[in-house]
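Here the structure comes first, spelled out in structure tokens, and everything after it is commentary.
Residue numbers (the numbering used here), protein chains in the order written: chain A, 21 to 325; chain B, 41 to 428.
Laid out in structure tokens, this is it:
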């Protein structure tokens, strides 16, 4: 037994290093092949699994489905789904509603986030700053669904809000109002806006503010002409999150309101087997977000992420 | 919510399979073997209770103990959603209403059933066998689970006694924001049924097969109703309807006997009837997927669901009509009067109940001259109503 065990590894170790070394030597002379091999697996994942599945999904938009059984006929090309979306006003109404909500949520989040981020970055003591960073991050530890359901219990007919408002003779909003989504979206995405702005403000050197003051600018002017231009990229970076997350969400509108968003129409149609319509309509948010990202890139948002 | 998430997952899987594969209708099982140890079902909520909701209602645990088939079930929101769930290929079968069974059979998603392998099939009421919604060319494609009507429900303290569907249509304005409506394109049939009874000129003979003119009339009726801010419930959210009625958030609407029973148990002041016009309803069928991974477990389940104990319990739990005299007898022991209440053997009662069925372009008849609004049209109309 003993000679066997010593002989085994020694035999292997005699052959293996030389083979590995040969491969290593061969690779050493070819840095590009090294890189290709390194990237092969993640690229394969990206192209096949990620983009491939997306492509199949989008291809559905150009196929027909049987009007009775609802089965998709692959490679039976047709633009019916697009005709349906363009000829029926409801799809435009829903798109405008969703886009409007995404803009509204982004603006609200920015207005709320800026003072908080400013206080954190420039006013608060280091101890207070740490506490605030933790406080801003804390909600992200809880599940998104738990937070939505918490809002449901706040908003619903005999919920917390109705109880608070009842002494003033105002009834609660219930879970049917479109504007509930505004409230809940703003709450959900606020940390994603605060953190980039906070990081952006922290990077603004104090010397610039002092220089501005030395040159006679008042606080308002300094803010408008020095601080704001410097944190615009951070603001845009934050808005990418608030805007695209709102644009794609279908669970919030479903649970706290009665309104249909783009995501709900896509979800409903795919759940009902209307894949061509669902796929055709999903191109809209994709196009909007791609456009938004292109603009954001021009504004330098990606440098501040 | 978990179910929405998993549904989304299955739908995306379904999209890929729908894009790549065509399922071949496979033949019947000719011999019953050992159970595979697992069974995955698409169900109407409440059709596979394991005692976790109410300990006394448990027909899953005895099945699991007897066959070793562990049951996993996913509830569907409505029939169309159930069809897509089954097509994901993740399921061995499920309980489907007529507007899912017709599409599943036509598309070959479900397999014919060898009823000789199911001893309990012999006990099932003859009137439920070999119907259009559960067989194709005389070959059974499933076994009956139970049937029931969609009912009109109202809060007896807030709403006067009702006899017709007028309360949710012509008089909907009296219950501004307090209407509770089934959230599915299938509800268009309820509007059509009301027109069928109230407006002879429209010439509706079947609330599921509507010409463009008849369809537009039904949509107009729904639009008028939607002006009054109805609230919505579905097969996935019907417990919310119970909460809403109990809290007084809604006072009148459509419902199932299940919600009525739950509300009555809570002592809520509600009453439900089958209105004079008749109503829509369902006659549900357990079907086996043509690509079922666990066919033996599915056959055992189908047989189990026709047993006196399981069918008796399940139909009492949901408040629908049992499918055999044996099940009726068992149901009497846990809910006296159940079979009489649900009209299990009272055939005339079912004559004005239109079981859910799918809209077809050719109106589902022989007449080549008439064309009807197809199912895609129903779905789009519902999207328009709900999204506008």
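For glycine and all other residues, C-beta sits at the position ideal for the given N, C-alpha and C.
Beta-carbon separation (whole angstroms), residue i vs residue j, contact threshold 8 Å
i: residue 240/A; j: residue 289/B; result: Between residue 289/B and residue 240/A the Cβ distance is about 49 Å, and since that is not below 8 Å, they are no contact.
i: residue 146/B; j: residue 88/A; result: 6 Å
i: residue 169/B; j: residue 159/B; result: Rounded, the Cβ-Cβ distance is 15 Å, inconsistent with contact.
i: residue 252/A; j: residue 165/A; result: Contact doesn't hold; Cβ gap of about 34 Å is too wide.
i: residue 189/A; j: residue 182/A; result: Not really, about 12 Å apart at Cβ, beyond 8 Å.
i: residue 221/B; j: residue 283/B; result: Not confirmed; about 16 Å, so no contact.
i: residue 258/A; j: residue 212/A; result: 6 Å
i: residue 140/B; j: residue 119/B; result: 4 Å
i: residue 369/B; j: residue 348/B; result: 7 Å
i: residue 300/A; j: residue 102/A; result: 5 Å
i: residue 53/A; j: residue 59/A; result: The pair is not a contact, with the Cβ atoms about 11 Å apart (cut-off 8 Å).
i: residue 242/B; j: residue 229/B; result: Actually they do not touch by this definition, with Cβ atoms about 14 Å apart.
Partners in chain A for residue i, counting only beta-carbon separations shorter than 7 Å
i: residue 428/B; result: 110, 113
i: residue 143/B; result: 88, 89, 90
i: residue 289/B; result: 177
i: residue 172/B; result: Chain A residues near residue 172/B: none, gap ~14 Å exceeds 7 Å.
i: residue 286/B; result: Under the 7 Å cutoff, chain A gives no residues; its nearest Cβ is about 11 Å from residue 286/B.
Cβ-based burial, residue i [other Cβ within 10 Å; buried from 16]
i: residue 248/B; result: buried
i: residue 127/B; result: buried
i: residue 321/B; result: buried
i: residue 143/B; result: buried
i: residue 71/B; result: exposed
i: residue 173/A; result: exposed
i: residue 445/B; result: A query on residue 445/B cannot be resolved here, the shown segment of chain B reaching from 41 to 428 and no further.
i: residue 156/A; result: buried
i: residue 64/B; result: Residue confidence for residue 64/B is low, a pLDDT of 34 falling below 50, so the modelled location carries little weight; the figure read from the coordinates is stated next. Exposed, because fewer than 16 other Cβ atoms sit within 10 Å of the Cβ of residue 64/B.
i: residue 89/B; result: buried
i: residue 61/B; result: Low local confidence applies: a pLDDT of 38 at residue 61/B is under 50, so the model's placement there is unreliable, and no value is given.
i: residue 136/B; result: buried
i: residue 400/B; result: buried
i: residue 364/B; result: buried
i: residue 314/A; result: exposed
i: residue 303/B; result: buried
i: residue 421/B; result: buried
i: residue 336/B; result: buried
i: residue 248/A; result: exposed
i: residue 184/A; result: exposed
i: residue 346/B; result: buried
Residue i and residue j closer than 9 Å at C-beta
i: residue 195/B; j: residue 292/B; result: yes
i: residue 195/A; j: residue 125/A; result: no
i: residue 131/B; j: residue 332/B; result: yes
i: residue 188/B; j: residue 382/B; result: yes
i: residue 326/B; j: residue 182/B; result: yes
i: residue 300/B; j: residue 286/B; result: no
i: residue 114/B; j: residue 81/B; result: yes
i: residue 190/B; j: residue 319/B; result: yes
i: residue 218/B; j: residue 201/B; result: no
i: residue 424/B; j: residue 108/A; result: yes
i: residue 428/B; j: residue 113/A; result: yes
Contact set between residue i and chain A, taken where Cβ atoms lie within less than 8 Å
i: residue 271/B; result: 196, 278
i: residue 401/B; result: 87, 88
i: residue 415/B; result: 87, 88, 90
i: residue 398/B; result: 88
i: residue 82/B; result: Near residue 82/B there are no residues of chain A at all, since even the closest Cβ is about 12 Å away, more than 8 Å.
i: residue 111/B; result: Those do not exist, as residue 111/B stays about 23 Å from chain A at its closest Cβ, beyond 8 Å.
i: residue 147/B; result: 86, 89, 90, 91
Proximal chain B residues relative to residue i, where beta-carbon distance stays under 9 Å
i: residue 179/A; result: Neighbours of residue 179/A on chain B: none; closest Cβ ~10 Å, over 9 Å.
i: residue 54/A; result: Per Cβ cutoff of 9 Å: no residues; residue 54/A is ~34 Å from chain B at best.
i: residue 96/A; result: In chain order: nothing, as chain B lies at least about 11 Å away.
Chain B contact residues for residue i, given Cβ-Cβ distances below 8 Å
i: residue 143/A; result: Residues of chain B passing the Cβ test: none, with the nearest at roughly 40 Å.
i: residue 285/A; result: 423, 427
i: residue 170/A; result: In chain order: nothing, as chain B lies at least about 13 Å away.
i: residue 269/A; result: Within chain B, no residue comes near residue 269/A; the closest Cβ sits about 12 Å away, beyond 8 Å.
i: residue 234/A; result: Near residue 234/A there are no residues of chain B at all, since even the closest Cβ is about 57 Å away, more than 8 Å.
Where residue i meets chain B, residues with beta-carbon distance less than 7 Å
i: residue 293/A; result: 120, 123, 124
Contacts of residue i in chain A (Cβ-Cβ under 9 Å)
i: residue 198/B; result: By Cβ distance, chain A contributes nothing, its closest Cβ being about 15 Å from residue 198/B, past 9 Å.
Any C-beta of chain E under 9 Å from that of residue i
i: residue 85/B; result: The structure shown contains no chain E; its protein chains are A and B.
- Item | alpha helix (DSSP H) runs wholly inside the stretch 222-293 of chain A, at least 4 long, in chain order | 226-234, 239-242, 248-268, 271-276, 282-291
- Query: Taking the runs of the beta strand (DSSP E) that are 3 residues or longer, which of them lie wholly in the stretch 60-102 of chain A?
  - Reply: 83-85, 92-97
- Quick one: complete alpha helix (DSSP H) runs, 4+ long, within the stretch 169-226 of chain A? 180-185, 198-223
- Could you give the uninterrupted runs of the beta strand (DSSP E) lying entirely in the stretch 139-216 of chain B, keeping only those of 3 residues or more? 183-189, 191-195
- Whole beta strand (DSSP E) elements within the stretch 260-336 of chain B, 3-residue minimum: 271-273, 292-295, 310-313, 319-329
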